[in-house]
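Reading through the structure tokens given below for one structure.
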């Protein structure tokens, strides 16, 4: 008789423990849902600052506009990897990384393609990288450390495209 009472008590304790565990699990899930809802809807996490680092030849505003990140958008709703690809499609960007700085800032870190040489073509200076791709075209040479190539007959020099020349 004593054994039956003990086994009943053990089953009751186990049942109570399972019920408590289920209640704790439900409370944890509800709290998690509340935190996610708060993070996605709270104005505290709306973007109020977008900055670009690593840009020397690049206009900060052009990188921000290509990234499709808008001030006022929720910081958790942006798709960073997709927006990184948009920025990497710029012809002068080698690598891009988008970082969230909580609560409301975005930092776009870029690594620009570095010019290997500059071609002087009729008063225009064409910056070319190591893959012979045109990075930039300027009317003045403001970089004396990069080798300057002159007397080259260029047929096509579009930014982001490989340079086309008759003789080099």
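In my numbering, the protein residues as written are 4 to 171. For glycine and all other residues, C-beta sits at the position ideal for the given N, C-alpha and C. If you're wondering where the values come from, they're calculated on a predicted model, not measured in any experiment.
Residue i versus residue j - alpha carbon distance
i: residue 97; j: residue 115; result: 5 Å
i: residue 54; j: residue 65; result: 12 Å
i: residue 52; j: residue 16; result: 55 Å
i: residue 35; j: residue 79; result: 15 Å
i: residue 10; j: residue 20; result: 15 Å
i: residue 28; j: residue 106; result: 29 Å
i: residue 216; j: residue 49; result: Not covered by the structure: residue 216. The range shown for the chain is 4 to 171.
Burial state of residue i, where buried means 16 or more other Cβ atoms lie within 10 Å
i: residue 143; result: exposed
i: residue 87; result: buried
i: residue 45; result: exposed
i: residue 122; result: buried
i: residue 56; result: exposed
i: residue 93; result: buried
Residue i vs residue j beta-carbon contact at 8 Å
i: residue 131; j: residue 140; result: no
i: residue 136; j: residue 91; result: no
i: residue 112; j: residue 102; result: yes
i: residue 109; j: residue 72; result: yes
i: residue 95; j: residue 148; result: no
Among the options, the one whose alpha carbon lies nearest that of residue i
i: residue 154; options: 23, 124 and 160; result: 124
Runs of alpha helix (DSSP H) lying entirely within the region 37-103, each at least 4 residues, in chain order: 63-70 and 83-91
Along the chain, which unbroken stretches of the beta strand (DSSP E) at least 3 residues long are found entirely within the region 128-167? 137-141 and 156-159
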